[in-house]
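**Student:** Starting off with a structure, shown below.
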Amino acid sequence: IETNELVSHQEVIPGLVVDFMTQDERQPHVHYMSLADTENESLPSVGYAKVNALTNTAEKWWAEPKIFTGELMPVTKENGEPGSWLLGLLYDKEQERTSLAILDSEDFESGPVARIHLPHHVSFGLHGFFSRKQ
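Residue numbers (my numbering): 12 to 145.
Structural data, given as structure tokens:
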């Protein structure tokens with residue numbers, strides 16, 4: 012659609028290079044994403060970011076060297092617990108293996124609370140989704 016109108020917006024976190032953004036269903040102003048860099052460079056994703064669009068703040072977690080990060084999928088905690096479990100794939104180039112990382116949104120910068128090594132690697136950049144069984 013052509014409107015001949017330029018749409019502009021303010022950067023929430025200037026310099027943050029991200030991909031695979033997703034939202035928390037209970038907090039739509041909180042976004043999770045794969046993080047490539049903080050200096051306007053474009054690189055493969057090597058970390059994760061949690062951005063609060065109301066406060067313009069970001070929490071970051073960086074993976075170890077030669078580990079690349081995929082998309083995070085928030086899974087709401089049950090039993091009234093605050094926050095979400097964040098599921099994401101980590102590809103370890105040195106080991107040529109993929110792990111499922113589980114992060115706690117309430118302690119984001121501490122990184123994964125668990126890593127489950129898969130019996131085979133998963134292609135880097137694979138999109139995913141989570142559906143709670145009804």
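For glycine and all other residues, C-beta sits at the position ideal for the given N, C-alpha and C.
Tell me the DSSP secondary structure of SER121 in three-state form.
**Tutor:** SER121: helix per DSSP, three-state reduction.
**Student:** TRP72 to PHE119, Cα distance in whole Å?
**Tutor:** Spanning the two alpha carbons is a distance of roughly 7 Å.
**Student:** Would you check if the distance between the CB atom of VAL62 and the CB atom of ILE113 is smaller than 8 Å?
**Tutor:** No, they are not a contact pair.
**Student:** Below 7 Å CB to CB, which residues in the same chain sit around HIS132 once its five sequence neighbours on both sides are set aside?
**Tutor:** Once the five neighbours on either side are set aside, the close Cβ partners of HIS132 are TYR102, GLU107, ARG108 and THR109.
**Student:** Apart from the five residues on each side of it in sequence, which residues of its chain come closer than 7 Å, Cβ to Cβ, to HIS40?
**Tutor:** Cβ neighbours of HIS40 beyond the five flanking positions: ASN63, ALA64 and LEU65.
**Student:** For GLU117, collect the residues of the same chain with a Cβ closer than 8 Å to its Cβ; drop the 5 residues on either side in sequence, then sort them by chain order.
**Tutor:** Excluding positions up to five away in sequence, the list reads PRO93 and GLY94.
**Student:** So, helix, strand or coil for SER116, using DSSP?
**Tutor:** Looking at SER116 - three-state DSSP - the assignment turns out to be helix.
**Student:** Looking only at DSSP bridge pairs, what is PRO85 linked to?
**Tutor:** Bridge partners of PRO85: LEU97.
**Student:** Determine the direct distance from the alpha carbon of ALA69 to that of LEU83, and round the result to whole angstroms.
**Tutor:** Near 15 Å, if we compare the C-alpha coordinates of ALA69 and LEU83.
**Student:** Can you name, in chain order, every residue of its own chain whose Cβ lies under 8 Å from the Cβ of GLY129, other than the five neighbours on each side?
**Tutor:** For the record, residue 129 in the displayed sequence is Leu; it is not Gly. Hits under 8 Å: ARG108, THR109, SER110 and LEU111.
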